[in-house]
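Here's the structure, in structure tokens; my notes come after.
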Amino acid sequence: MSSNLVIAIAGASGSGKSLFTENLLKEFAQEGKSVQILREDHYYRAQDHLPMEEREKNNYDHPRAFEHELLVKHLQGLKAGKSIEYPSYCYKTHTRLKETETLMPAPVIIVEGIMLLASPELQPLYDVKIFVDTPLDICLLRRIKRDIAERGRTLDSVAKQYEATVKPMYHQFIAPSRFTADVIITQGGENRIALDVLKSHIQQALL
Ligand SMILES: Nc1ncnc2c1ncn2[C@@H]1O[C@H](COP(=O)(O)OP(=O)(O)O)[C@@H](O)[C@H]1O
Ligand SMILES: Nc1ccn([C@@H]2O[C@H](COP(=O)(O)O)[C@@H](O)[C@H]2O)c(=O)n1
Numbered sequence: 001m002s003s004n005l006v007i008a009i010a011g012a013s014g015s016g017k018s019l020f021t022e023n024l025l026k027e028f029a030q031e032g033k034s035v036q037i038l039r040e041d042h043y044y045r046a047q048d049h050l051p052m053e054e055r056e057k058n059n060y061d062h063p064r065a066f067e068h069e070l071l072v073k074h075l076q077g078l079k080a081g082k083s084i085e086y087p088s089y090c091y092k093t094h095t096r097l098k099e100t101e102t103l104m105p106a107p108v109i110i111v112e113g114i115m116l117l118a119s120p121e122l123q124p125l126y127d128v129k130i131f132v133d134t135p136l137d138i139c140l141l142r143r144i145k146r147d148i149a150e151r152g153r154t155l156d157s158v159a160k161q162y163e164a165t166v167k168p169m170y171h172q173f174i175a176p177s178r179f180t181a182d183v184i185i186t187q188g189g190e191n192r193i194a195l196d197v198l199k200s201h202i203q204q205a206l207l
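In structure tokens form, the structure reads like this:
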């Protein structure tokens, strides 16, 4: 089977991209439609060669932090009907895990991540470009809670990283990429109308 619709969902860290993606997936699952999800975070570069102190200081909010070459290859492969070996990533050790997961092509591919609209090499692969637009103070509050609960961080480390890289890189790369989007989603992952509009667009496109 060859895939025929690639949807990119971008936005700040903590904007609700993952939640929006999960909710969209649920809509399709209810109708028995097959969707494949790729997360840009899984394409963060492996850093096994670096000591932990170096990894902790890295700028993870720059497009070069990602192995976009591999993501391009994977999207092209899925679009051509081929399976891919999807990498896994660990935020606690800041590097790739050994395991990969075999992902099969599907009629709809959703790819989700902070730099997806800021990276020109990826743009030609998308059919629909979405930007989840959430005020930065809300994103930060969500990130603090999530990173402490799930990503092995402390309040101090989240605050330092936010000042040093997350916020400045948001203004340099992510905010300007908003203007390349086809659709801007406000109110994050639970925006019912946005979910319905998108679902209907995708259904039409797949007829
Ligand atoms: N509308 C919302 N209301 C409350 N919490 C939310 C909302 N959207 C996202 N969250 C929570 O905020 C955190 C970050 O959201 P997430 O979807 O992971 O953001 P992103 O993928 O953009 O970084 C998660 O813990 C998520 O459950
Ligand atoms: N080792 C890492 C890798 C990434 N990050 C942060 O993750 C953010 C992107 O993921 P979201 O799910 O929040 O969109 C990004 O802002 C990086 O700063 C990290 O802290 N450590």
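Residue numbers (full-length UniProt numbering): 1 to 207. Quick reminder that beta carbons are idealized off the backbone N, C-alpha and C, glycines included. From a predicted model like this one, the values you see are computed outputs, not experimental measurements.
Of the choices the options, whose alpha-carbon is the least far from that of residue i?
i	options	result
MET169	SER83, HIS62, LEU70, LEU195	HIS62
GLU121	VAL72, LEU24, PHE173, ALA29	VAL72
ILE185	ARG64, LEU24, ASN4	LEU24
SER15	ALA164, LEU141, LYS160	LEU141
SER119	PHE173, LYS57, GLU163	PHE173
ASN4	THR21, ALA106, GLN123	ALA106
ALA65	GLN36, MET52, ILE37, HIS42	HIS42
Tell me whether residue i is buried or exposed, calling it buried when 16 or more other Cβ atoms sit within 10 Å of its Cβ.
i	result
ASP147	buried
CYS139	buried
THR93	exposed
ALA149	exposed
ALA164	exposed
HIS171	exposed
Look at residue i and residue j and say whether their C-beta atoms are less than 8 Å apart.
i	j	result
SER83	GLU99	no
LEU136	LEU75	no
GLU40	GLU85	no
ILE193	ILE110	no
VAL158	ARG178	no
ASP48	THR102	no
LEU97	THR180	no
Whole angstroms is fine: what's the gap from residue i's alpha carbon to residue j's?
i	j	result
LEU155	TYR91	16 Å
ILE7	LEU206	13 Å
LEU195	VAL128	14 Å
TYR44	GLU31	33 Å
ASP133	GLY77	30 Å
MET104	SER34	10 Å
ILE130	ARG151	26 Å
ILE114	ALA12	6 Å
PHE28	LYS167	34 Å
LEU19	GLY188	8 Å
LYS160	VAL108	38 Å
LYS17	ARG153	21 Å
LYS57	GLN204	46 Å
GLU190	THR21	10 Å
LEU198	PRO176	23 Å
HIS201	VAL183	12 Å
GLU67	TYR162	22 Å
For the beta strand (DSSP E) that contains residue i, what are its first and last residues?
i	result
ARG45	Counting along the chain, ARG45 falls outside any beta strand (DSSP E), and DSSP gives it neither H nor E.
LYS129	128-132
GLY11	5-11
LEU38	35-39
SER119	Segment: none, SER119 is in no beta strand (DSSP E) and carries neither H nor E.
Under DSSP, the alpha helix (DSSP H) around residue i begins and ends at which residues?
i	result
GLN161	155-161
GLU69	68-79
ILE144	136-150
ARG55	52-57
THR95	Run containing THR95: none in the alpha helix (DSSP H); it sits in the beta strand (DSSP E), 95-103.
ALA194	192-205
LEU19	17-30
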